[in-house]
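Engineer: In the working numbering, the protein residues as written are 27 to 230. Pasting a structure here, questions to come.
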């Protein structure tokens, strides 16, 4: 990560925390939520673009042609609704909510358009093989998303930050206020649990 990107990430984190600190729960939530989303728009767009490019490239091609802006719009809409009743108090909790709704949005896209072949790589050695000319995300794709959702909380959080949101392990350690070794341990355990539950999806 460049110095400019690091500075941007730090400034975004500080700005988001200030918004969260101003949200005392007494006033209307909508202005604070919109301020949060405005300040994190660039970061959210980057997360959507990285996720589509690295994990779900097939969704960006015909017939769906899903673009980061479209995914971002859907995720923002979800967040606006969710934060009427859920109030994250830290940047860590905010991005955990973002991560959750990104996964849910992809699940919904998969359910709506599920008859088109796709290869979705979760990690080296675990990948889907296209099964027919009409499945977008196969039943195996749904299993992968569900397996992520069923990881223990700590492991799912680290996996989401590193593998889905694209943070480095050092950034993740700083955000979670834990050691780098703890992040590495949780990520390795997440990958182990996913590999174990999805063992039958490994290529021959």
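Even glycine gets a Cβ: it sits at the ideal position worked out from N, Cα and C. Treat the numbers as computed from the prediction; the structure is a model and nothing was measured.
For residue 143 and residue 225, what's the separation of their Cα atoms in angstroms?
Structural biologist: Bear in mind that the predicted position of residue 143 carries a pLDDT of just 45, short of 50, making it too unreliable to give a figure here.
Engineer: Would residue 98 and residue 71 qualify as a contact pair, given that the criterion is a beta-carbon distance under 7 angstroms?
Structural biologist: Yes.
Engineer: Where does residue 57 sit, in a helix, a strand or coil, going by DSSP?
Structural biologist: Here residue 57 sits in helix by DSSP.
Engineer: Reducing DSSP to helix, strand and coil, say where residue 113 ends up.
Structural biologist: Three-state DSSP puts residue 113 in coil, outside helix and strand.
Engineer: Distance, Cα to Cα, residue 95 vs residue 76?
Structural biologist: Looking at the two C-alpha atoms, the distance is approximately 12 angstroms.
Engineer: Which residue comes first and which comes last in the alpha helix (DSSP H) that contains residue 223?
Structural biologist: Segment 206-223, the alpha helix (DSSP H) holding residue 223.
Engineer: Taking the alpha-carbon positions, what's the residue 213 to residue 81 distance?
Structural biologist: Distance between the alpha carbons of residue 213 and residue 81 is about 17 angstroms.
Engineer: Relative to the C-alpha of residue 38, which candidate in 91, 117, 55, 111 has its C-alpha closest?
Structural biologist: Checked all of 91, 117, 55, 111; the closest Cα to residue 38 is 117.
Engineer: Which same chain residues, not among the five before or five after residue 125, have their C-beta less than 8 angstroms away from its C-beta?
Structural biologist: 183, 186, 187, 190, 191.
Engineer: Is residue 56 closer than 7 angstroms to residue 100 when the C-beta atoms are compared?
Structural biologist: No, the Cβ-Cβ distance between residue 100 and residue 56 is not below 7 angstroms.
Engineer: Where does the unbroken alpha helix (DSSP H) through residue 71 begin, and where does it stop?
Structural biologist: It spans 67-80 - the alpha helix (DSSP H) in which residue 71 sits, taken as one unbroken run.
Engineer: Based on Cα-Cα distance, which residue from 107, 43, 104, 83 lies nearest to residue 115?
Structural biologist: With distances taken between Cα atoms, residue 115 lies closest to 43.
Engineer: In three-state terms, what does DSSP make of residue 88?
Structural biologist: In this structure, residue 88 counts as coil in the three-state DSSP scheme.
Engineer: Using the Cβ count rule (16 or more neighbours within 10 Å means buried), how would you classify residue 40?
Structural biologist: Exposed is the call here.
Engineer: Does the beta carbon of residue 172 come closer than 7 angstroms to any beta carbon on chain C?
Structural biologist: In the structure shown, chain C does not exist; there is a single protein chain.
Engineer: Taking all protein chains shown into account, do 16 or more other C-beta atoms lie within 10 angstroms of the C-beta of residue 206, making it buried, or fewer, making it exposed?
Structural biologist: So residue 206 counts as exposed.
Engineer: Where does residue 38 sit, in a helix, a strand or coil, going by DSSP?
Structural biologist: Looking at residue 38 - three-state DSSP - the assignment turns out to be helix.
Engineer: Compare the C-alpha of residue 219 against each of 194, 177, 129, 123 and name the closest.
Structural biologist: Measuring from the Cα of residue 219, the nearest candidate turns out to be 177.
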